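Residue numbers (my numbering), protein chains in the order written: chain Z, 19 to 273; chain L, 26 to 361; chain C, 3 to 291.
See below for the structure under consideration.
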Amino acid sequence: MSEEPILSVKGVSKSFGGLKALMDVSFDVQRGEVFGIIGPNGSGKTTIINCITGFIKTQTGHVYFKGKEITGWKPHKIADAGIARTFQIMRPYYSLPAYKNLIIPLWSPRARKTGGWRGGGKHGDRDTVAVDILEEIGFERDSRVPYKLSSTLPTGYQKRLELARCMALRPEIIFCDEVFSGLSMSEIAGMLPLIEKMRDEGITLIMVEHRLRELFRVATKVMALNFGEKITEGEPSFVIEDKRVREAYLGAEGV
Amino acid sequence: MEQMRKERIDRGLKVRTEGLYAISSYREILYLMGPRLLLIVGVLALPFIFELAPYWKRVINIMFVYALLALSFDFLANYVGLVCLGGAFLTGVGGYFSAIYNVYLGFPFYLAIPCATISGAVLCTLCLLPCLPLRGVYFAIVTLMYPLLFTRIIEALDIFGGTNGITGVDGFPNQYVEHYIIILVVIGFLFGMRRFVNQDIGLVLRGVKDNDQSVKASGIDITRMKVLAVFVASLIGCFGGAYMAHLYMWAGISLFALDFSIIPIASVVIGGGGTLVGAVIGSFILVPLSEILRAFGTFRIVIYCVILTGFIVFKSEGLMIYMQRKYHQFERWVKV
Amino acid sequence: MQLLVYGIINSITLSLISLGFALVYSISRVPNFAHGALYILSGYLVWIFLNKFAGFPYPLAIIAAIGLTAVVGALIYRFILIRIRGMEISEIIATYAIGLAILEGLRWGGLRGGTFTLPTFVGGSINFLDVSVDYQRLIIVGVGILTFILLYIFTRFTKIGLALRGIAQDERAAMMLGINSDMTAIVSLAIGSALAGFAAVLLLPLGNIVVEAGYNVLIFAIAVCVIGGLGSWGGTIIASFIIGFAQLLTEAFISTHYQMVVALLAIIITLLVKPSGIFGKQKELEERV
């Protein structure tokens, strides 16, 4: 692949006090890929997302987005550039109804630039656009679900709401921090097509996952981390055969 | 033993008035408009009602000033998540600015008050700027310190009349101007703020309170949003201060007094946080109460604090939400 | 030379004042805005014991006052804060209201004017490195340092102390290990209040017991804690040295009125430059938005 990577991470390190959370991690993500990041608990998966999206300052290393350095940018600026992320611990804006949750990303400078989802109403009519996005992501428009207080939604819908919040920004990259965890099998089955659809629409997805089976169904490339170090990277089938990955992670689960 | 549970059911009328059916008959319209009209008309009629008791007419003005401060506190605390322990800072800055414009620069009061409101709000926002990118208790800490700090500076430098304050500020031409300026401003801000917090931009601010990380991840600079919110809140507070400077025809360090910090907080907690109307109603209860208790001096603050703590601990929803519930729903005990 | 000696004394004074606040915040995450009030309350209690009960021995009065303050602190948590735990806005408002209630209540109850003084422990003064220092201040330094050491030993080597540290570092994990979070919070408030009382007993003989001092104590305690990093004890002590000397320098070269200005400026500079304070730890994600 001679094409320039959409996201390039070079030698990122981060330590909290004495604990080295990330050590010299580098990887490239090509446009349109579904890039999986796996690793046992505490291996630095969420930390690397936080570093790339600016929520934590990296100590060393550089992050390039479309060839431009974004290291040390403020989170909102990175999101504005086109990198959206979900949070592992979902906390919707609980005092607002579900569809009003999307008003916030739709109000952001980026959504105004990109005109919201599917070029819908540019000004004022954010409610309609919000409900459109929610329908897209699997909320039934005519049911009461989109209008309920978001704090009362079940986990599956809250995860979808997180994704919808990202979609509203029309990003080029979405970081999904464990979107499958805590969901039942049927809910995951409902989520997978969404992921595939986003991929088909040309959005680059970077997924941090514990649910390997589901991840490997959609991922085109996988990177494995352990104790903050990159162990290996490659096709899912290649990574899963890797001995160190099995030792670090899969061995414990006895796959 | 039988266990009982309280069940709450929406009144039929409430359900009927949701959506388009609200305008289907006068009863529905009355149901929706009634409380609002009662408030507006009642508030507008207050000066006439109190023709009967001239002593209390002064109290009306102060009551509305506190209502403004309470609105500002309620907005910041319950819609943006910033606890402002220094309402006195806003009134002090607003009051001094207005007095300076009026006495030193010779602006008439109708020019001095708006100018003071805006420049005061700018100053307050600038002063609070450093703690806005942070979350947690920093905002409370810094706002707690500013009124004390400004008092010390004015005393130490002996500027703006030092401890005597600026005297000779213009008063209002007559009583009714005095009353209606503040009443109309309170009504305006009350309904204006209610609209504001339900507008898209207001929703963003509420998002900052609920989950600031996620707002950031949505590509919005939350520091800027907080600056905006603090500016709006300071506008309200500084107007109150500027008005008071003209009401008393004097601006002194007592504009930084503790009362302006604690009574609004107590009003909001009593009236019901997050309702905005509750803040106003709370101050309608507390300020006359404090007038009655005038003989007790500083012990009044103790009383507010006790009421305040009691409400926070035992009735944290506040009166307004309680009344709303009674208005919209009926309750009954059912067996579990 | 005088500057150095008094700077050290002033710094230790400040750290005595602020340790209680830092301790409560780091363990129970409650910003105790009633700290200054507890400080004054304790001083006033000693005064009452000494003046209203004839023949009450001074040491006993001190112990009783500190004990009572600790009980007040524990009661505040047990009956008020426990119900609003975790609701940050309510916590701030409630502690602030309690503090105001105590202070203004004392003022109303007659704590006005300059008539309220406590006797010094030992009168007189000595020349120490050519600087005249009275014994009370020397006692403050000695006892202050002793307090730091005892606190250090307490938190490292006793069971309760370790439990407190556990809760401070990770509340959930500590709770899973069977540490009662509410109990430790009560203990922390009691100890924090006792420290406030202790500081009061040591420091108040140097001046009058006035209500305004309560506000000042609160503000300086908060300033020191913010600069040292909220919840960091080591930072608190170092920050109190910074503020202590800064204050003395302003007092010596500008004017006493600017002490408060120095404190606030220090807070603002800290917030601008390094919001987590000098010793702020891994709270990056939590505190910086």
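From the three backbone atoms N, C-alpha and C, an ideal C-beta is built for every residue, glycine too.
If you're wondering where the values come from, they're calculated on a predicted model, not measured in any experiment.
- Residue 296(L) places its beta carbon 9 angstroms or farther from that of residue 333(L).
- Residue 160(L) carries a coil assignment under DSSP once its states are collapsed to helix, strand and coil.
- Residue pairing from DSSP places residue 239(Z) in a beta bridge opposite 53(Z).
- For residue 254(Z), the closest of 199(Z), 248(Z), 235(Z) by C-alpha to C-alpha distance is 235(Z).
- For residue 337(L), at least one C-beta of chain C is nearer than 9 angstroms to its own C-beta.
- Contact annotation: residue 23(C) and residue 98(C) have beta-carbon atoms that are not nearer than 9 angstroms.
- Restricting attention to alpha helix (DSSP H) runs no shorter than 4 residues, the stretch 75-130 of chain C encloses them at 90-110, ordered along the chain.
- Here residue 191(C) carries a helix assignment [DSSP, helix/strand/coil].
- If you ignore the 5 residues before and after residue 171(L), its C-beta comes within less than 7 angstroms of the C-beta of 111, 114, 152, all in its own chain and listed in chain order.
- Taking 9 angstroms as the CB threshold, residue 241(L) lines the interface with chain Z.
- For residue 33(L), not one C-beta of chain Z is nearer than 9 angstroms to its own C-beta.
- Ranked by Cα distance from residue 215(L), the options 132(L), 300(L), 294(L), 340(L) are led by 300(L).
- At a cut-off of 9 angstroms between beta carbons, residue 231(L) contacts chain Z.
- Between the alpha carbons of residue 61(L) and residue 84(C) lies a gap of roughly 37 angstroms.
- DSSP links residue 80(Z) through a beta bridge to 28(Z).
- The C-beta distance from residue 143(C) to residue 45(C) rounds to 19 angstroms, too long to meet the 8 angstroms contact threshold.
- Taking C-beta atoms as the reference points, residue 117(Z) and residue 152(Z) count as a pair closer than 9 angstroms.
- CA-to-CA, the gap between residue 193(Z) and residue 68(Z) works out to about 10 angstroms.
- If you draw a 10 Å sphere on the C-beta of residue 256(C), you find fewer than 16 other C-beta atoms in it, and that means exposed.
- Comparing alpha carbon positions, the residue from 168(C), 228(C), 30(C) closest to residue 76(C) is 30(C).
- Counting of Cβ neighbours within 10 angstroms places residue 277(C) among the buried residues, the total reaching 16 or more.
- Across the stretch 218-240 of chain C, CB contacts with chain L closer than 7 angstroms involve 221, 224, 228, in sequence order along the chain.
- By the neighbour-count criterion, in which 16 or more other beta carbons inside 10 Å mark a residue as buried, residue 259(Z) falls on the exposed side.
- Secondary structure at residue 49(C): helix, using DSSP grouped into helix, strand and coil.
- Sequence-distant Cβ neighbours of residue 342(L) in its own chain, meaning closer than 7 angstroms and more than five residues away, are 297.
- At a cut-off of 9 angstroms, the C-beta of residue 189(L) has no neighbouring C-beta in chain C.
- The Cβ of residue 31(Z) sits no closer than 9 angstroms to any Cβ of chain L.
- Of all residues in the stretch 120-133 of chain L, none has a C-beta nearer than 7 angstroms to a C-beta of chain Z.
- The continuous alpha helix (DSSP H) containing residue 118(Z) extends over residues 116-119.
- Secondary structure at residue 187(L): helix, using DSSP grouped into helix, strand and coil.
- Taking a C-beta cut-off of 8 angstroms against chain L, the contacting residues of the stretch 91-109 of chain C are 91, 92, 94, 95, 96, 98, 99, 100, 102, 103, 106, 107, 109, listed in chain order.
- Between the alpha carbons of residue 142(L) and residue 187(L) lies a distance of about 22 angstroms.
- Counting C-beta pairs with one atom in each stretch, the stretch 123-134 of chain L and the stretch 300-318 of chain L have fewer than three that are closer than 8 angstroms, which means they do not touch.
- For the pair of segments examined, the stretch 212-229 of chain Z was found to touch the stretch 48-55 of chain Z: the number of CB pairs separated by less than 8 angstroms reaches three.
- Nearest C-alpha to residue 78(C) among 134(C), 159(C), 187(C): 187(C).
- Of all residues in the stretch 160-192 of chain C, none places a beta-carbon less than 7 angstroms from a beta-carbon of chain L.
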